[in-house]
Amino acid sequence: MIETQVLPTPAGPLALLARGGVVVAAGFTADPGLMFARLSPGLRAEGMTEVDDLGKPAQAVRDYLDGDLLALDAVAVEQPGTPTRLRLLAALRAVPPGTTIRYAELAERAGLPRTAARAAGSACAQNLIAPFVPCHRILPAAGGLGGYYYGTPVKQWLLAHEKASG
77 MIETQVLPTP AGPLALLARG GVVVAAGFTA DPGLMFARLS PGLRAEGMTE VDDLGKPAQA
137 VRDYLDGDLL ALDAVAVEQP GTPTRLRLLA ALRAVPPGTT IRYAELAERA GLPRTAARAA
197 GSACAQNLIA PFVPCHRILP AAGGLGGYYY GTPVKQWLLA HEKASG
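Below, the structure is given as structure tokens:
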């Protein structure tokens, strides 16, 4: 069974979905059903139930919001993907809080050629576990913030929070 909890954050409600203490989806929405719908058919078949406290994942979010920017890194996450996508997501998770990099650098950190920037962008766009897998720390080479699945105001808030707390 996929357990869900929605936490309030200054950037808006954050829906967490976990299975056995491992976060399988997280996103800035008040409706965990929207995140549940993005899961693989196998996970959706397990069903979903709301709980009062997800434990470690929920506490990590509270700690992150209180300024412990490394708290989210201590939580196990799992999401599907090709070996290339999983390498990109692992490299993404290793980008330190309070820093930003470009898509091409993310590809390079994943051991892929710099020309794989498009694959890096795709991995960020399909990331199911924000902000635990911090796609908000990746910026386009052309400058600016670029896109963010949950909107640029959320991305701006996350970056400002990390800069102020770091």
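When we follow the numbering used here, the leftmost residue of the sequence shown carries the number 77, and every step to the right adds one.
Note that beta-carbon positions come from the ideal geometry of N, C-alpha and C, so glycine has one too.
Model, not experiment: these values are computed from the prediction.
| Check | Outcome |
| --- | --- |
| Closer than 7 Å to chain C by CB, Pro207 | Of the protein chains in the structure, only one exists, and it is not chain C. |
| Three-state class that DSSP yields for Arg194 in the structure shown | helix |
| Cβ-Cβ separation, Ile205 to Gln155 (assumed contact under 8 Å), whole Å | 6 Å |
| Close Cβ partners of Val100 (< 8 Å) along its chain, the five nearest in sequence each way excluded | Ile78, Leu93, Ala94, Leu115, Leu119, Val153, Glu154, Gln155, Leu204, Ile205 |
| Glu122, DSSP secondary structure in three states | coil |
| The region 215-223 touching the region 171-179, judged by at least three CB pairs closer than 8 Å | yes |
| Residue from Phe208, Gly222, Gly187, Pro173 whose Cα sits closest to the Cα of Gly197 | Gly222 |
| Burial state of Pro86, where buried means 16 or more other Cβ atoms lie within 10 Å | exposed |
| Spatially closest choice to Pro159 from Asp139, Glu181, Pro108, Gly187, by CA coordinates | Gly187 |
| Buried/exposed call for Leu165, threshold 16 Cβ in 10 Å | buried |
| Residues bridged to Leu215 (per DSSP) | Arg178 |
| Close-in-space but distant-in-sequence residues of the same chain around Pro189 (CB under 8 Å, 5 per side omitted) | Ala183 |
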